[in-house]
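Per my numbering, residue 662 is the first one in the sequence shown, and the count goes up by one each step.
Glycine is no exception: its CB is placed at the ideal position from the N, C-alpha and C atoms.
These notes are about the structure you will find just below.
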Amino acid sequence: TMEWDTAAAQAVVEAAGGLVLDTQFEVVRYNTKDDLLNPFFYVVGDPDFAWRDLIGRM
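Pasting the structure below:
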């Protein structure tokens, strides 16, 4: 997907208290590289949950 496909959805997720994270568990940022392709990402509802631990066990 491209950045414009997910930017609005990310705003909704963040307004609801969640996060959109890349595979390094950093918040996805826009217009930071030469192309506009999205990285692989996770959408999480509870930023305080140990997502890295859970995903690492999969």
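For residue i versus residue j, is the C-beta spacing smaller than 8 angstroms?
i    : j    : result
Y691 : A668 : yes
V681 : F702 : yes
R713 : F686 : yes
With which residues is residue i paired in a DSSP beta bridge?
i    : result
D666 : D666 pairs with nothing; no bridge assigned.
L682 : V688 and Y703
Give the single residue among the options whose Cα lies nearest to the Cα of residue i.
i    : options             : result
L698 : D683, A672 and V673 : D683
V688 : L715, P708 and T662 : P708
Go through its chain and collect everything with a Cβ distance to residue i's Cβ below 6 angstroms, but skip five positions before and after it.
i    : result
G706 : G679
P700 : D683
Q671 : V681
Might you give, ordered along the chain, the residues of its own chain that have their beta carbon closer than 7 angstroms to the beta carbon of residue i, omitting 5 neighbours on each side?
i    : result
V704 : V674, G679 and V681
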